[in-house]
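S.K.: Position in the sequence shown counted from 1, then plus 1236, gives you my numbering.
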Amino acid sequence: MLVVEGLEVERNGFRINVERFVSSKITIILGRNGTGKTTLLKTVAGFIKPRKGVIRLNGRDITNLPPSERRIGYMPQQPIKLPYKPRDAIHYFAKIFRADPQPVIEKMRLEPILRKEKLSTGEAQILALSILLLRKTELLLLDEPTSSLDFPNSVNFWSLIRSLNIPMVYVTHNPIEAAAVGDEVYVVEDGMLRGPFANKLRSKAEELVETLNLYKNRVWVLD
1237 MLVVEGLEVE RNGFRINVER FVSSKITIIL GRNGTGKTTL LKTVAGFIKP
1287 RKGVIRLNGR DITNLPPSER RIGYMPQQPI KLPYKPRDAI HYFAKIFRAD
1337 PQPVIEKMRL EPILRKEKLS TGEAQILALS ILLLRKTELL LLDEPTSSLD
1387 FPNSVNFWSL IRSLNIPMVY VTHNPIEAAA VGDEVYVVED GMLRGPFANK
1437 LRSKAEELVE TLNLYKNRVW VLD
């Protein structure tokens, strides 16, 4: 469980305050662009030092720990381009993390991706997420992971995320995405993080997503 209390972060003249933030499932941080969502995520990951406050993960105070010691997997909005072929990349990081890559390959259904030379944006995101899973992280931080994906691929990514059963903080500006993915939602507005709000719209959002996905894939013939 992630617990953030009394956090204050200032970056480039912008300040964001968090009285209390708790995440034990899939927790959404929803807000418009430029409201500090990424700043908050990078602070939890350890890339930005807060002015004050405490960050705990499963009872450990990680406020002053470097990113490498936090047991957190952080995925930025744009996947990092790796100088390796997909299969080489997964085995390279498995060696670094001293992990068996096969369970992750099977869980993420990576084999078709690993056979490719070049990946689409969506495939690169899945590979990046798979590399994070090799570390056996206690928490995932995902920053607008579907911002570069079309709707059908976004839906596939949401389904994959829901199947992982790993605590995560998921940043988005899209209310439909928030309703379709999250167990609970926090909202960033005017430099404050407000919530949590229970997601009572999941079933309705899933119906809407399914309808929209069918619409997107339908071929219309007009006379």
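Positions of the beta carbon are idealized from the N, C-alpha and C atoms, including for glycine.
Quantities reported herein were computed from a predicted structural model and do not represent experimental measurements.
Could you pull the start and end residues of the alpha helix (DSSP H) that residue 1397 belongs to?
M.R.: 1387-1400
S.K.: Tell me where the alpha helix (DSSP H) around residue 1328 begins and ends.
M.R.: 1322-1332
S.K.: Exposed or buried, what is residue 1345 when buried is set at 16 or more other beta-carbons lying within 10 Å of its beta-carbon?
M.R.: exposed
S.K.: Which value, in whole angstroms, describes the spacing of the CA atoms of residue 1399 and residue 1362?
M.R.: Those two C-alpha atoms are separated by around 13 Å.
S.K.: Check the C-beta distance from residue 1240 over to residue 1289 and give it rounded, since I have them as a contact under 8 Å.
M.R.: 7 Å
S.K.: Give me the Cα-Cα distance between residue 1392 and residue 1251, rounded to the nearest whole angstrom.
M.R.: When rounded, the distance between both Cα atoms is 35 Å.
S.K.: Is the beta carbon of residue 1298 less than 9 Å from the beta carbon of residue 1306?
M.R.: yes
S.K.: In this structure, does DSSP put residue 1420 in helix, strand or coil?
M.R.: strand
S.K.: Given residue 1274, which residues of its chain have a CB within under 6 Å of its CB, disregarding the five upstream and five downstream residues?
M.R.: Leaving aside the five residues that flank residue 1274 on each side, the residues in its chain whose CB is nearer than 6 Å to its CB run, in chain order, 1379.
S.K.: Just to confirm the assignment, what range does the alpha helix (DSSP H) spanning residue 1358 have?
M.R.: 1357-1370
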